[in-house]
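Numbering (our numbering), first residue to last: 1 to 702. Using N, Cα and C, we set each Cβ at its ideal position, and we do this for glycine too. A quick note: this is a predicted structure, and the numbers were derived from the prediction, not measured.
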Amino acid sequence: MKRTDLTLRGRARVLAVALIPALTLVGYLPVKAAPAYASAPPNAGVLSVFVGYAEDKEINTPDPASFPIPWAGAPNTVFLGGPVPGQTACGSLTTCYDAGAIRLDNHGGAPVTVTNVSVDIHASITGGKLFKNLWGTVIVPAGQSAILTENPSTNNPKYDNFDTSGYPANHCTPVDVAPTVTLTINGASTTLVDSTHVLDTGGIDAGYCKQNESIQWRPIGSAGTKNATLTLGATSATAFAGHPVTHTATLLDGAGVGIPNAAVRFTVTYGPDAGLTGTATTDGNGLAYYTYTGASQGEDLLIAAATTVGSFQSVPARVMWTNGTATGWTAADVGSATPAATQTFDITTGQWTVHGGGAGIGMTADQLHFLWKGVPDPAGIGAHLTAISGGSGQAGLMLRSGTDPGSPYYAATAAAGRGITIEDRTTPGGPTATVTTTPIIPAYLWVATTNGLLTTYASDDGYLWYPVTGSTVPLDLGSSVLAGMAVTSRDTTQLSTATFDDVAVSSMAPAPPPPVPCPAPWMCADIGNPTPTGSQSFDPGSGTWTVSAAGADITGIADQFRFLRQPLSGDGSITTRITSQTNTSSSAKVGLMFRSDADPGSPDYAVLVTPGTGIKVQSRSSQGATTTKLANTTGTTPVFLKATRAGATFTAYTSPDGLIWALIPGSTTTMNLPSTVLEGLAVSSHHPGTLGIVTATIGATP
């Protein structure tokens, strides 16, 4: 793909190191042209008319996406209204509203004077009311908006004087009569019908019916939802480091119409540019633009957020900053590999073509062609391996302590006719060990160190990266690491050729993938606020869970872990086959648990397997009590575990095949847990700041 300095929309790729980037903000555009509607917009002259409802009270907090935006203080907006502080329902809030709202957008080139705005809320029936022009004469500047709501400065009785949901009051049966809004401009009056009942909150007194009354703007008379939506595009982009990318936030109201004059804040939440922020204002189509330049290679996550009585945000966009120059790279034939090899770089596409000879990678010494950058630990390199040709070629990504043939290393390589092999050498001149293999060759690979642990990541598209199960190992490559591309022909008489693009050398692992919702009836969440946040994925075909979890431990008076759980009422049992577990610590834990609730100090009963300290059965008898170890037998993954509850008695078992179960001696105990408990799979890395990865199947019977 050819890179340009324009907005980039295309496939993305890999990672890098952190510097402070340059920043360009495309600022707001005022409302200059009417947004595109599916049908004729609800107009009064050149004004488009919108309705909403605003309620924020401590006794009934709204979803931030449902409270109208823009609101008081918005750019290009005349706000005619005010809060009523001091009400009991407002608590400590200084800007407390409970009111209908009308927004007038002026798409013309001259100011518009509105001499009267009257609102009829069921005045034709008992308990209804006609609000006669609370705001006096309203001037809407060209290309701007005016918002009309309760307590304007010229008509503020110190109570909610435009509470349009309360007429008639205290009723939960919908009123069929629709509210109307009448506007007078140049002596001509236009009446518009609020046929979808926004101003009267669905035709009921929603607050009295124990509902929050907030409803996001929508064109008067239009169907829609209560909430605004905020999206960010392009959802992914790629560029050479040092080139700009532009992202567009789209803010739509409850009817899917663009919202103008709303402030949108952009934040890079992960990656080499983490912490970078900027603000832009939506134009007449609800669009706000943000352009920034990443000075370093790497994968950024960028979000857009809008703030009302709280913030709501977009799904993150992913920006991949890749290598665009041959400067700073070094190459050598490690182990005097023959034939002598070379490499070339295409400055237009960012593609490396690397040749390599030598006997191969492995045993106690290597022969290969290696192209690298020297970087401080932690280090990583990612790339798109596009082709391998010539002989029995082997190529991939490598982190290496030096260029000596016997240097310790960690590598993920591919070869014709087989999948990815992940291997390492832990000591100088020591043997090579295969960490794991996978039969599927991904288009993208990434090897990285995080907190002293090396992991291989794979991706189908270069955006969403997942750790390869079983690839994580502890390995010290020194304070300075060679991160590069390795190619060998495994034949000392000929060269093989590999091509790589979207190469990036990084001090960070790729951004975590988005969390995957749990399939019903499971619930999946962290307990005790471990960092980073855990996640999971479920393969319905095989019934296999892949769980990523951090956490200090499951022990003591409070726990930190990720819990995949469902309720169990009365007696029952739960089983698991744990097929793999990352060795983030010899005491990392995964296993089965019965638990009173999701509090970190909740009473529980668990059987947990570890990489190095056996299988542990433990319990916490009461809220916040110290955990007691009941049994500790030998074992590690893969393993079958089972836990049962019969009344107040809890017991744990192991099995070689999931069919014949053996009681773990000392595991039986009695506990006073509630009749309905949470049962499920508990995972903790026992390594704060690091995610451990587990694969397992779960079965439960009541």
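Other residues of its chain near residue i: CB distance less than 6 Å, five sequence neighbours each side excluded
| i | result |
| --- | --- |
| T235 | A317 |
| G357 | A337, T338, P339, A341, S489, L495 |
| R265 | T279, A305 |
| Y409 | M398, R400, R425 |
| Y37 | A caution first: Y37 carries a pLDDT of 42, below 50, which makes its placement in the model too unreliable to give a value. |
| S222 | A255 |
| T436 | I422, G470, S471 |
Euclidean distance between Cα positions of residue i and residue j
| i | j | result |
| --- | --- | --- |
| F650 | V468 | 35 Å |
| D300 | G224 | 34 Å |
| T386 | M485 | 13 Å |
| P530 | Q536 | 15 Å |
| N212 | I102 | 19 Å |
| L691 | W135 | 57 Å |
| Q394 | N285 | 52 Å |
| H686 | G666 | 24 Å |
| A643 | T432 | 39 Å |
| H705 | Y290 | Outside the modelled stretch of the chain, which goes from 1 to 702, sits residue 705, for which no answer is possible. |
| F471 | G528 | Before going further, note that residue 471 is Ser rather than Phe in the sequence given. For S471 and G528, the distance between alpha carbons rounds to 27 Å. |
| G143 | A504 | 45 Å |
| L673 | D571 | 12 Å |
| Y159 | V84 | 6 Å |
| P517 | G81 | 42 Å |
| R11 | Y463 | Summary for R11: the model assigns pLDDT 30, below 50, so the residue's position carries little reliability, and this model does not support an answer. |
| Q581 | T546 | 10 Å |
| G509 | G298 | What sits at residue 509 in the sequence shown is Ala, not Gly. Whole-angstrom Cα-Cα distance: 9 Å. |
| Y53 | M320 | 41 Å |
| L454 | R218 | 51 Å |
| P611 | T695 | 14 Å |
| I185 | A146 | 14 Å |
| G699 | F640 | 11 Å |
| L252 | Y444 | 35 Å |
| N43 | P75 | 22 Å |
| I420 | S459 | 13 Å |
| Y97 | P260 | 22 Å |
CB-CB length for residue i against residue j, believed under 8 Å
| i | j | result |
| --- | --- | --- |
| S214 | S66 | 4 Å |
| S296 | A359 | No, S296 and A359 are not in contact; Cβ-Cβ is about 36 Å, not under 8 Å. |
| Q351 | F500 | 7 Å |
| E679 | R577 | Not a contact, Cβ separation roughly 16 Å. |
| D205 | N151 | Actually they are not in contact, since the Cβ atoms of D205 and N151 sit about 20 Å apart, beyond 8 Å. |
| S619 | T669 | 6 Å |
Selection from the options that minimises the alpha carbon distance to residue i
| i | options | result |
| --- | --- | --- |
| T307 | D501, V140, A262 | A262 |
| Q367 | G380, V334, H355 | V334 |
| S569 | G635, A552, V609, A646 | A646 |
| G187 | T196, T115, T149 | T115 |
| T584 | G601, F561, A550, P603 | A550 |
| P600 | Q623, Q618, T281 | Q623 |
| P603 | I554, S684, T613 | I554 |
| T628 | S587, C90, G556 | G556 |
| A448 | R418, T437, A412 | A412 |
| S95 | K57, S507, V46 | Residue identity check: residue 95 is Thr in the sequence provided, not Ser. Checked all of K57, S507, V46; the closest Cα to T95 is K57. |
| F50 | T403, L199, G430, T450 | L199 |
Short CB-CB distance (under 8 Å) between residue i and chain B
| i | result |
| --- | --- |
| T546 | Of the protein chains in this structure there is only one, and it is not chain B. |
Boundaries of the beta strand (DSSP E) in which residue i is found, first to last residue
| i | result |
| --- | --- |
| Y292 | 287 to 293 |
| I527 | 523 to 527 |
| T330 | 330 to 334 |
| Y410 | 409 to 415 |
| R418 | 418 to 425 |
| F538 | 535 to 539 |
| I259 | Looking at the DSSP string, I259 is not in any beta strand (DSSP E), and its letter there is neither H nor E. |
| T267 | 263 to 270 |
| P567 | 561 to 569 |
| S92 | Run containing S92: none; DSSP gives neither H nor E here. |
| V639 | 639 to 646 |
| P244 | 244 to 252 |
| L399 | 394 to 400 |
| W372 | 368 to 376 |
| R490 | Element bounds for R490: n/a, residue is neither H nor E. |
| T695 | 692 to 701 |
| I185 | 180 to 185 |
Proximal residues to residue i (C-beta, below 7 Å), its chain only, five neighbours per side dropped
| i | result |
| --- | --- |
| S118 | L130, F131, K132, N133, T182 |
| P512 | P532, S535 |
| F345 | A326, W352 |
Same chain, Cβ closer than 8 Å to residue i, five either side skipped, listed in chain order
| i | result |
| --- | --- |
| S480 | G374, V375, P376, D377 |
| N156 | G82 |
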